[in-house]
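In terms of the numbering used here, the sequence shown has 243 at position 239, counting the first letter as 1, and numbering is strictly consecutive.
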Amino acid sequence: AQDDQVKALFQQVENEQGRLDILVNNAFRIPAGGPKKLFGKFWEQDISVWDNVHTVGLRSHYVATAYAMPLMLKSRASTSSTSNNLLPRPFVAMISSFGGLTYTFNVAYGVAKAGVDRLAKDMATELANDDVCVTSFWPGLVLTENTQRLVDSGEWEETVGLDLTNAESPEFTGRAIVAVATDPANDKKSGTYQVVAELAQEYEFTDVDGITTPPSIRSLKFLLPAYGMTSEQREQVPSWMIPDWKLPFWVMASGRP
Numbered sequence: 005a006q007d008d009q010v011k012a013l014f015q016q017v018e019n020e021q022g023r024l025d026i027l028v029n030n031a032f033r034i035p036a037g038g039p040k041k042l043f044g045k046f047w048e049q050d051i052s053v054w055d056n057v058h059t060v061g062l063r064s065h066y067v068a069t070a071y072a073m074p075l076m077l078k079s080r081a082s083t084s085s086t087s088n089n090l091l092p093r094p095f096v097a098m099i100s101s102f103g104g105l106t107y108t109f110n111v112a113y114g115v116a117k118a119g120v121d122r123l124a125k126d127m128a129t130e131l132a133n134d135d136v137c138v139t140s141f142w143p144g145l146v147l148t149e150n151t152q153r154l155v156d157s158g159e160w161e162e163t164v165g166l167d168l169t170n171a172e173s174p175e176f177t178g179r180a181i182v183a184v185a186t187d188p189a190n191d192k193k194s195g196t197y198q199v200v201a202e203l204a205q206e207y208e209f210t211d212v213d214g215i216t217t218p219p220s221i222r223s224l225k226f227l228l229p230a231y232g233m234t235s236e237q238r239e240q241v242p243s244w245m246i247p248d249w250k251l252p253f254w255v256m257a258s259g260r261p
């Protein structure tokens, strides 16, 4: 969240590499006190909760992209004159979540994620004539190192409590970014939000085990085990019996699951 350091980073990239083809914005900060501080009514939470997710998160996405874009546009100009490029056009990935659409954790979190999606949309509008793709990605429930630590300590069950059977690896989102970034037709996804699990179905990639394709958060395959079943019921009902029916986005936007 230090603007001068971010600016210096992209200056270093230009000095050392001379170009920048892809930028992935994935900054987020859990409030001091851990995940339990994410839960609560907005009038009961400390104002720092808002500052955390909007400064290290929404604002960081904006600042990094603003400082990166001159170099990306320079790279785009050189791309037009050579065929030796891995990407069809410069690509900006914004890591957001379903929290931008449906209530998740708290007010500050949802507004920040909706803001990230709007950044992608409006930046894509301003970059339309420059042939730069900006896309927002919605991972599912991701089993990060921090999440695993919370599971091991018991804090996950105490504060979040969601079943992790359908959790995604961080690399799963990375594969989604690669798939879209290398797609010659990715300009059609510029300014949109894309669900990582649904991109896996579209581009036919799996999670890191080479077998699993976790379901979309709006799929019954995710929603029923996570919110509609007890642990005993999850053990009794095999996943193949639950259909991969996806709720419309407007249904997801109507409130918390």
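Backbone N, C-alpha and C fix where the C-beta goes; we use that ideal spot for every residue, glycine too. A quick note: this is a predicted structure, and the numbers were derived from the prediction, not measured.
Asked: In its own chain, which residues sit with a C-beta less than 8 Å from the C-beta of Pro-261, not counting the 5 before and 5 after it?; Found: Thr-106, Leu-227, Ala-230 and Tyr-231
Asked: Shortest alpha-carbon distance to Ala-189 belongs to which of Asp-8, Leu-42 and Arg-93?; Found: Arg-93
Asked: Kindly indicate which three-state DSSP category Leu-147 falls into: helix, strand or coil?; Found: coil
Asked: Smallest Cα separation from Lys-192: which of Phe-95, Asn-56 and Thr-217?; Found: Phe-95
Asked: Taking Cβ to Cβ, would you say Val-53 is nearer than 7 Å to Ala-12?; Found: no
Asked: Spell out the partners DSSP gives Met-98 in its beta bridges.; Found: Asn-29 and Ser-140
Asked: On a Cα-Cα basis, can you pick out the residue from Ser-140, Phe-109 and Leu-24 that is closest to Leu-73?; Found: According to the sequence as given, residue 73 is Met; it is not Leu. Among Ser-140, Phe-109 and Leu-24, the Cα nearest to that of Met-73 belongs to Leu-24.
Asked: For Glu-18 and Gln-198, I'd like the C-alpha separation in whole angstroms.; Found: 30 Å
Asked: Are the beta-carbon atoms belonging to Tyr-60 and Ala-5 less than 7 Å from one another?; Found: Reading off the sequence shown, one finds Val at residue 60, where the question assumed Tyr. In this structure, Ala-5 lies closer than 7 Å to Val-60 by Cβ.
Asked: Less than 7 Å between the beta carbons of Thr-151 and Lys-40, yes or no?; Found: no
Asked: Quick one: residues in its chain with C-beta nearer than 6 Å to the C-beta of Lys-225, no 5 flanking neighbours on either side, listed in chain order?; Found: Pro-219, Ile-246 and Asp-248
Asked: Going by DSSP, what residue range makes up the alpha helix (DSSP H) through Val-164?; Found: Run containing Val-164: none; DSSP gives neither H nor E here.
Asked: Run the CB neighbour count on Asn-310, radius 10 Å, all protein chains shown included, and call it buried at 16 or more, exposed below.; Found: Residue 310 falls outside the range modelled here, since the chain spans only 5 to 261, and no answer is possible.
Asked: Could you tell me which residues DSSP pairs with Tyr-197 in its beta bridges?; Found: Ser-140
Asked: Note down, in chain order, each residue of its chain lying with its Cβ closer than 7 Å to the Cβ of Leu-91, except the 5 sequence neighbours on either side.; Found: Asp-25, Ile-26, Ala-185 and Thr-186
Asked: Please name the residue in Asn-29, Met-233 and Arg-238 whose C-alpha comes closest to that of Lys-117.; Found: Asn-29
Asked: Given that a residue counts as buried once 16 or more other Cβ atoms are within 10 Å of its Cβ, and exposed if not, what is Arg-153?; Found: exposed
Asked: What does the alpha-carbon distance come out to for the pair Gly-158 and Val-212?; Found: 25 Å
Asked: May I have a chain-ordered list of the alpha helix (DSSP H) segments no shorter than 4 residues that lie completely inside the region 13-72?; Found: 51-57
Asked: Any idea what DSSP makes of Ser-258, helix, strand or coil?; Found: coil
Asked: Pick helix, strand or coil for Gly-239, following the three-state DSSP scheme.; Found: Sequence check: residue 239 is Glu here, not Gly. Correct three-state label for Glu-239: helix.
Asked: In angstroms, rounded to a whole number, what distance separates the CA positions of Pro-252 and Phe-14?; Found: 40 Å
Asked: Within 10 angstroms of its Cβ, does Ile-221 collect 16 or more other Cβ (buried), or is it exposed?; Found: buried
Asked: Name the DSSP beta bridge partners of Glu-172, please?; Found: Val-146
Asked: Per DSSP, what kind of secondary structure is Ser-220 in: helix, strand or coil?; Found: coil
Asked: Provide the residue(s) that pair with Lys-250 in DSSP beta bridges, ordered along the chain.; Found: Ser-223
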